[in-house]
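In the numbering used here, the protein residues as written are 826 to 1481. Ideal Cβ positions, reconstructed from N, Cα and C, are used throughout, including at glycine. Source: prediction; values computed, not measured.
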Amino acid sequence: MQLFEKKIREIQVKQNVVIAFRFLLLALLLVLLTFNVFFAVYSPSVNTQSSLFLFAISLKIFTALIFIYLVLQANRALLSMYKAAKFLDEFNKDKADTYQNAFELKMELNKSEILERILTKADNKAKDQIIKLNVDKLIPILIITIVVIFFSGILFMFNSEHFSQTYNFFKLQELPQTQHKKIVEILPGDFSLTRNSKLEIQVIDPEPEIEHKLFYKIDKKWREEKLLNHNKIFNNLDFSFSYFIKTPYAVSDTFNITVYELPIIENLQIRYKYPAYTGLKTETKKNAGGNIKAIIGTEVIMNITANNPIEQAEIFLSNGDYKEMKRLGRSSFSCNLTISENRTYYFKLEDIQGNRSRKITRNITAIIDRKPEIKIISPGRDTLLTQNMLLPLSIFATDDYGLQEMKLHYFINHDDETIVPILNTISSNTITHEFIFDLNKSIMIPGDKVTYWVEISDNYSQKQTSISQKYTARFPSIEEIYKEIEEKEKEKSKILENTLKKSEELQKEFEEKRRELMKKDEISWEDKKEIEKLLNKQGNLNEDVEKVAEDFNELMKKFENNNALSPETIEKMRKIQELMEEISNEDLQDVLEKMQDKLDNIDPEDLKKAMKDFKFSMEDFSEKLEQTLKLLEDIKKEQSIEKALEIAEEMEEMQD
């Protein structure tokens, strides 16, 4: 055998070993992966035995087919002598294909000089030939195989029992006989729950297509029920019972379901002890809901009675505080709280069996003792002082629970403040007090201004004080007093003049309508409406005069005690006021009502007579208005003289 043939044979054998080893690794990797897949899905449960066996057979067939495919591929990949020669030429990058040509020619030609040369050349090349195997395709497969072997070994090591079961099952050649469970496992076993809760009894990993029956005992009587979907649900359970589940092949242990009541408060009594200053009596509320509403400082005593014997009772407040309640009996407790701020609370009860009450939050509403309110309702505005230096005040004050120490504060111009006690003790929560603010001892000249307000306190322990709005009263000059009188009189005169003018126009309209109706035998609906309109106008004039009379009366009261007006002027003003009251008197009102009555009855003759009487009343109304206006003019003239005299006297006094 030629030397080059030995080299070709050597590379053929070694490279085929590499190829065979690679395919063996692929076969091993296939087996490992197949077993790992089955290892992952295998379960020793009886319910899955048939499916697992079929799955194992499928994996075996799949593995065998892949293995045959690998054998065929390996056979195709093995090198022949020619392929080995080609492999060496490619490795040497020999473009002359020395080994291939020498191998082919030796197989095809007889001995000759040319053949000897070619063979000699091939042998010479073979002397220095390096044999290097191609392992590029082997290395990745080797690494993957090592990794799979490593992790599979760890997995099997930590699950040796499962590995043993999986391996034994995987190598079975026929399906073993079905093995049924020897015991039925169920949930929840022994269990306790509150009344009207939901309970579900279920079989753990039930055998498929095997009938499961629930047996449960109520009042010493066993009941039987076939389970659908291997479970039974009791909604709103309100009874205790014993139970077990049975199949044709196995039975569970017997368990007990215990239904109990959570500890709850059956009766809550709240007693309120209000602060002494409020004057409120102690109050007890039975069967209370627990929401507390009371003034700050109120002591609250809560007595509770629970449904079960209680081991411990506590009350928890939203600010983090808690109190252990004082035991009164097996199921009754008491606790005291003082109301200081808004918060929430809940009772925590634990009975002798260790059951705890549900958290029910209740509210505590702390009522704040509001500050008292005080205001000057009369005069209730800035005003002028009269010459007698007396300012009547009407003071209103109120508080939730009690008042005390009403005081008047004032200062004249920019002098120091003076405090005058009005009332020290007040017996009611609300008061309207009349007080005469006497400034006779104060030295005031025309133009001086006194600023005043009132103060009051409540009977709260921390004594809350409020003040009214501040008002001013100015000491007027004689000229200002007369100016105010003149303005008021001018205003009233203008109103009365306007009223007189309207009255005269109304008389003309009324007379025209009266004469028109005198010629008619029947009164139409339109006539009635026109007369009603005239009557309404007269009624409005009456109201205007009444308003002027009321305003004039107020003016009279204001200046009656004012020493700046002479008695004669006051007397004339009183006559004007009386005259205005006569203008709109009850007689005129009666005539208006009679006219309205005649209109309602629609008797033409009676209506004509009533209209004649009403004509005279309207004339009297206008005459008295004229008299009043004349008297007002007379007073204005007299007041002008008195005004000049009074101003002169005032200036003389101020100079002195």
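Rounded to the nearest whole angstrom, the CA to CA distance from D1224 to N1188 is 26 Å. Within the segment 887-922, the complete alpha helix (DSSP H) segments of 4 residues or longer fall at 906-917, listed in chain order.
Around the beta carbon of S1328, 16 or more other beta carbons sit within 10 angstroms, so the residue counts as buried. Shown here for L1174: same chain residues with a beta carbon closer than 6 Å to its own, the five before and five after excluded, namely P1088, A1131, I1135, A1138 and S1182 in chain order. Comparing alpha carbon positions, the residue from E1355, K1071 and W1047 closest to H1055 is K1071.
If you look at Y1097, you'll find it in the beta strand (DSSP E) that goes I1090 to K1098.
Rounded to the nearest angstrom, the Cβ distance from V1279 to S1293 is 5 Å, consistent with a contact under 8 Å.
Of the other Cβ atoms in all chains shown, fewer than 16 fall within 10 Å of the Cβ of E1036; this residue is therefore exposed. Counted as a single uninterrupted DSSP element, the stretch harbouring I1348 is not any beta strand (DSSP E), since DSSP gives it neither H nor E. Counted as a single uninterrupted DSSP element, the stretch harbouring E1166 is not any alpha helix (DSSP H), since DSSP gives it neither H nor E. Taking each of L877, L913, T859 and D914 in turn and checking the Cα distance to A889, the smallest one comes out for T859. Residue state for F1059 is assigned as strand, using DSSP reduced to three classes. Approximately 6 Å separates the beta-carbon atoms of P1197 and L1228; this is inside 8 Å, confirming the contact. Our two residues, E1166 and I1095, have alpha carbons roughly 18 Å apart in a direct line.
As the crow flies, the alpha-carbon of Q827 is around 14 Å from that of D953. Sequence-distant Cβ neighbours of Y924 in its own chain, meaning closer than 7 Å and more than five residues away, are F829, I833, A910, L913, D914 and A947. When C-beta atoms of the segment 1452-1461 are compared with those of the segment 1320-1337, three or more pairs fall below 8 Å, so the two segments count as touching. Apart from the 5 residues on each side of it in sequence, H1258 sits with its Cβ closer than 6 Å to the Cβ of I1220 in its chain, given in chain order. Taking the Cα of T1255 as reference, the smallest distance to any Cα among N1116, M1231 and L1321 is reached at M1231. Counting only the Cα atoms, L854 lies some 34 Å from D1030. Judged by DSSP secondary structure, R1187 falls within the beta strand (DSSP E) whose first and last residues are R1187 to I1192. Residues D1369 and V1373 of the same chain have their beta carbon placed closer than 7 Å to that of I1320, with the five preceding and five following residues left out of the count.
Beta-bridge partners assigned by DSSP to P1217: I1261. In this model, S1447 and E1396 are separated by some 23 Å (Cα to Cα). Membership of K1288 in any beta strand (DSSP E) is not indicated, and neither H nor E is assigned to it by DSSP. Within the same chain, and ignoring the five residues on either side of Y1285 in sequence, the residues whose Cβ sits closer than 7 Å to its Cβ are Y1102 and D1194.
For L1228, the enclosing beta strand (DSSP E) starts and ends at L1228 to I1237. L850 sits away from V973, with the two beta carbons spaced by 8 Å or more. Distance from the CA of K931 to the CA of T945, rounded to the nearest whole angstrom, comes to 12 Å. For the pair K908 and I882, the Cα-to-Cα distance works out to about 40 Å. Burial is judged here by how many other beta carbons sit within 10 angstroms of a residue's own beta carbon; Y894 has fewer than 16 and is exposed. The segment 1077-1086 and the segment 1009-1018 touch, with no fewer than 3 CB-CB distances between them shorter than 8 Å. Cα atoms of E1091 and N1116: separation of roughly 15 Å, rounded to the nearest angstrom. D1445 has its alpha-carbon roughly 11 Å from the corresponding atom of Q1332.
Note that the C-beta distance between F1040 and E1049 is below 8 Å. Per the coordinates, the alpha-carbon of E1403 lies some 18 Å from the alpha-carbon of I1310.
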